[in-house]
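There are 2 protein chains.
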Amino acid sequence: MPLDEIGALHAFAVTGMGEVRPGDDVGGLVAEAVGAAAGGRAGLADGDVVVVTQKIVSKAEGRLVAVDHDDPSAKVALVETEAVRVLRRRGDLRITETAHGFVCANAGVDLSNVGDGWAALLPVDPDRSARRIRAELRRRLSVTVGVIVSDTFGRPWRNGVTDVAIGVAGVAGIVDLRGTADATGRELVATEVCVADEIAGAAELVMGKDRSVPAAVVRGVPGDWLRDGSIGAEVVRRPATDLFR
Amino acid sequence: MPLDEIGALHAFAVTGMGEVRPGDDVGGLVAEAVGAAAGGRAGLADGDVVVVTQKIVSKAEGRLVAVDHDDPSAKVALVETEAVRVLRRRGDLRITETAHGFVCANAGVDLSNVGDGWAALLPVDPDRSARRIRAELRRRLSVTVGVIVSDTFGRPWRNGVTDVAIGVAGVAGIVDLRGTADATGRELVATEVCVADEIAGAAELVMGKDRSVPAAVVRGVPGDWLRDGSIGAEVVRRPATDLFR
């Protein structure tokens, strides 16, 4: 078998969720849009990983603040309020550290797709947001899935943004392959793979160009990655071990 | 249709390639391992993206140098020779800029899975490596595919490594969504997505934990991303626009 179905991964966009508003239940909306797999019907199954964008999580959690979109200084002021540290400034751009420990542009403050006059802030605790969504999917559909809350971050040294995981539940942030012998018998020294970021990126690829699709399902993630995970505890790098802060 | 097959992506590991040696033809090896899709048989098809790891490309291109694995100073000396700039030093670790403009650990010098006493260097021109592999796949299988050469990079601020694209052919490095109106009609200001890195990361997820699988196929990439691309021209950030160099 040349294309190994054992090592196969599938990603699907979740469509038809409609606009998300403060107070909405993201897990319930995903459950209604996707349904459970049954009798050949496509839908969520045990072991799937559901990726939802930060934007709908922030909206549902009411993380919205009023800001004049036509006043750049108003956005900058909001960003500097949200940030716990500003690493770099260039024009209206701030590279910031957030209360979560994320380093990203403009403290994650998001003006697109949130309505004129409003900005979306990051969820207060995205790991907790993921846990709530996971619990609701279990309650509604009787499925045990992983959940990733994703956001779009830039990075130094490379142009372009990619989606990364800012919160997880029921799926590892990092899979630690240290000590696994390589094919020559030599011990691998440091191969901690941030699979949560790679899954978030794979989901982004199917979410559509105009970012109007707010969720995706990734199927085929190895079972031993589906454990209790945490972006805050596993992926956020402590400043003391960081060479670029 | 709750799971949108239109926005579906599939990734498969390419198994059975065996050990790659200097002088080997990576495109030919992938072609032999995968074959062309025909009569219901799984295999490569037009529009697929083939992701191959840097390690087999470097080996095939003879980018191997002798180094004593048990002498850390020998590796450090090799790294400092390969680097055009050292950004940070900590113990034996060097965060470096390579001749390609990549910023990565240890100038991409790789001691795992290359045989005792040897180190693999990065390909001289990974975009060119990708173009050669793509041409060979076309010649052997009469398919028009995208090719990505991937490598495993760390990053500041976040623990764990992810696979990124160091060379591409027939697929975009970055898809520029600037100017695309979002769902509220507001113009998206900066949404240049590095889809090549996200595809490389998706491929990594199926390549297996011990990294012995050196290639994967990603199917379902939107047709308009399958254009001439270049990591060197699109993704490598010029120092003048970089806030962290």
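Chains as they are written, first to last, in the working numbering: chain A, 20 to 264; chain B, 20 to 264. Where a beta carbon is used, it is the ideal one built from N, C-alpha and C, also for glycine.
#1: Excluding sequence positions up to five away, which residues of its chain have a Cβ less than 6 Å from the Cβ of A/Asp111?
#2: Indicate whether B/Gly186 and B/Ile114 have their beta-carbon atoms separated by less than 8 Å.
#3: Identify whether A/Arg82 lies in helix, strand or coil by the three-state DSSP scheme.
#4: Please compile the residues from chain B whose C-beta is within a distance smaller than 8 Å of the C-beta of A/Ala27.
#5: Beta carbons nearer than 8 Å to chain A: which residues of the segment 165-187 of chain B have them?
#6: For A/Pro21, which residues in the same chain have their Cβ closer than 6 Å to its Cβ, ignoring the five residues on either side in sequence?
#7: Going along chain A, which residues have a C-beta under 7 Å from B/Val214?
#8: Hey, which unbroken runs of the alpha helix (DSSP H) at 4 residues or more fall wholly within the segment 148-227 of chain A?
#9: Just to confirm, are A/Leu224 and B/Glu217 a CB contact at a threshold of 8 Å?
#10: Are the Cβ atoms of B/Ala219 and A/Ala30 separated by less than 8 Å?
#11: May I have the straight-line CA-CA distance separating A/Gly268 from B/Glu101, to the nearest angstrom?
#12: Identify the continuous beta strand (DSSP E) that holds A/Leu112 and give its terminal residues.
#13: Among B/Thr260, B/Gly127, B/Gly54 and B/Ala118, which has the Cα closest to the Cα of B/Val183?
#14: Are the C-beta atoms of B/Asp89 and some chain A residue less than 8 Å apart?
#15: By DSSP's criteria, B/Ala138 is part of a beta bridge. Which residues make up the other side?
#16: Which residue or residues does DSSP assign as beta-bridge partners of A/Leu63?
#17: Might you give, ordered along the chain, the residues of its own chain that have their beta carbon closer than 6 Å to the beta carbon of B/Glu80, omitting 5 neighbours on each side?
#18: According to DSSP, is A/Glu144 part of a helix, a strand, or is it coil?
#19: Starting from the Cα of A/Glu253, find the closest Cα among B/Ala234, B/Trp176 and B/Ser231 and give me that residue.
#20: Would you say B/Arg107 faces chain A, with C-beta separation under 8 Å as the test?
#21: Per DSSP, which one or two residues make a beta bridge with B/His29?
#22: Select from A/Gly248, A/Asp261 and A/Arg238 the residue whose C-alpha is nearest the C-alpha of A/Val33.
#23: Determine, for B/Glu99, whether the minimum Cβ-Cβ distance to residues of chain A falls below 8 Å.
#24: Under three-state DSSP, which class holds B/Val232?
#25: In angstroms, rounded to a whole number, what distance separates the CA positions of A/Ala56 and B/Ala55?
#26: Pull up the DSSP beta-bridge partners for B/Thr100, would you.
#27: Alpha carbons only, please: which of B/Asp67, B/Val236, B/Ala124 and B/Thr210 is nearest the one belonging to B/Asp170?
#28: How big is the Cα-Cα spacing for A/Leu156 and B/Asn178?
#29: Count the other CB atoms, across all protein chains shown, that sit within 10 Å of the CB of B/Arg104; report buried if there are 16 or more and exposed otherwise.
#30: Taking only three categories from DSSP, how would you classify B/Leu106?
#31: Consult DSSP for B/Thr72 and reduce its assignment to one of helix, strand or coil.
#32: Mapping DSSP to helix, strand and coil, what is A/Asp129?
#33: Residues of the segment 139-155 of chain B with a CB closer than 9 Å to any CB of chain A: list them in chain order, please.
#34: DSSP state of B/Val122, grouped into three classes?
Taking the structure as given:
#1: Along the first sequence, one-based indexing puts residue 111 of chain A at 92. Once the five neighbours on either side are set aside, the close Cβ partners of A/Asp111 are Pro91 and Val95.
#2: Looking up residue 186 of chain B in the second sequence gives position 167. Looking up residue 114 of chain B in the second sequence gives position 95. Contact: no.
#3: Position 63 of the first sequence, counting from 1, holds the residue named residue 82 of chain A. In this structure, A/Arg82 counts as coil in the three-state DSSP scheme.
#4: Within the first sequence, the letter at position 8 stands for residue 27 of chain A. The answer, in chain order, is His29, Ala30, Phe31, Ala32 and Val225.
#5: Thr171, Arg174, Pro175, Trp176, Arg177, Asn178, Gly179, Val180, Thr181, Asp182 and Val183
#6: Start at 1 with the first residue of the first sequence, and residue 21 of chain A comes out as number 2. Reliability fails at A/Pro21, whose pLDDT of 41 lies under 50, so the model's placement of it is uncertain and the value that follows must be treated cautiously. Cβ neighbours of A/Pro21 beyond the five flanking positions: none.
#7: For the purposes of this step, residue 214 of chain B is taken as the residue at position 195 of the second sequence. Those are Leu224, listed as they occur along chain A.
#8: 214-225
#9: Along the first sequence, read from residue 1 onward, the residue named residue 224 of chain A stands at position 205. Along the second sequence, read from residue 1 onward, the residue named residue 217 of chain B stands at position 198. Contact: yes.
#10: On the second sequence, position 200 is the one that residue 219 of chain B refers to. On the first sequence, position 11 is the one that residue 30 of chain A refers to. No, the Cβ-Cβ distance between B/Ala219 and A/Ala30 is not below 8 Å.
#11: This structure leaves residue 268 of chain A out entirely; chain A is present only between 20 and 264.
#12: Locating residue 112 of chain A in the first sequence gives position 93, where the first residue counts as 1. Residues Leu112 to Glu116.
#13: Walking along the second sequence from the start, residue 183 of chain B turns up at place 164. Of B/Thr260, B/Gly127, B/Gly54 and B/Ala118, the residue nearest in Cα terms is B/Gly127.
#14: Here residue 89 of chain B corresponds to residue number 70 of the second sequence, with the count starting at 1. No, because no Cβ of chain A sits closer than 8 Å to the Cβ of B/Asp89.
#15: For the purposes of this step, residue 138 of chain B is taken as residue 119 along the second sequence, with counting starting at 1. For B/Ala138, which the question treats as bridged, DSSP gives the partners B/Val84.
#16: Start at 1 with the first residue of the first sequence, and residue 63 of chain A comes out as number 44. In DSSP, A/Leu63 forms a bridge with A/Ala55.
#17: Within the second sequence, the letter at position 61 stands for residue 80 of chain B. Excluding residues within five positions, the ones whose Cβ falls inside 6 Å are Pro142.
#18: Translated into the one-based positions of the first sequence, residue 144 of chain A becomes position 125. Here residue 144 of chain A is Asp; the residue named in the question, Glu, does not match the sequence. Of the three classes helix, strand and coil, the one that applies to A/Asp144 here is coil, per DSSP.
#19: Here the question's residue 253 of chain A lines up with position 234 in the first sequence. Nearest of B/Ala234, B/Trp176 and B/Ser231 to A/Glu253, Cα basis: B/Trp176.
#20: Start at 1 with the first residue of the second sequence, and residue 107 of chain B comes out as number 88. Interface residue, yes.
#21: Here residue 29 of chain B corresponds to residue number 10 of the second sequence, with the count starting at 1. Bridge partners of B/His29: A/His29 and B/Arg238.
#22: Working through the first sequence from its first residue, we reach residue 33 of chain A at position 14. It is A/Arg238.
#23: Residue 99 of chain B sits at position 80 when you count from the first residue of the second sequence. No, its Cβ sits nowhere closer than 8 Å to a Cβ of chain A.
#24: Position 213 of the second sequence holds residue 232 of chain B. B/Val232 falls in the coil class under three-state DSSP.
#25: Locating residue 56 of chain A in the first sequence gives position 37, where the first residue counts as 1. Locating residue 55 of chain B in the second sequence gives position 36, where the first residue counts as 1. Rounded to whole angstroms, A/Ala56 to B/Ala55 spans 32 Å at the Cα level.
#26: Position 81 of the second sequence, counted from the first residue, corresponds to residue 100 of chain B. BP columns for B/Thr100 are empty, so no partner.
#27: Reading the second sequence from its first residue, position 151 is the one you call residue 170 of chain B. If we check each option's Cα against that of B/Asp170, B/Ala124 comes out closest.
#28: Start at 1 with the first residue of the first sequence, and residue 156 of chain A comes out as number 137. Start at 1 with the first residue of the second sequence, and residue 178 of chain B comes out as number 159. Looking at the two C-alpha atoms, the distance is approximately 29 Å.
#29: Locating residue 104 of chain B in the second sequence gives position 85, where the first residue counts as 1. Per the 10 Å Cβ criterion, exposed.
#30: Position 87 of the second sequence, counted from the first residue, corresponds to residue 106 of chain B. Of the three classes helix, strand and coil, the one that applies to B/Leu106 here is strand, per DSSP.
#31: Numbered from its first residue, the second sequence carries residue 72 of chain B at position 53. Strand.
#32: The residue given as residue 129 of chain A occupies position 110 in the first sequence. In this structure, A/Asp129 counts as strand in the three-state DSSP scheme.
#33: none
#34: By one-based count along the second sequence, residue 122 of chain B stands at place 103. In this structure, B/Val122 counts as strand in the three-state DSSP scheme.
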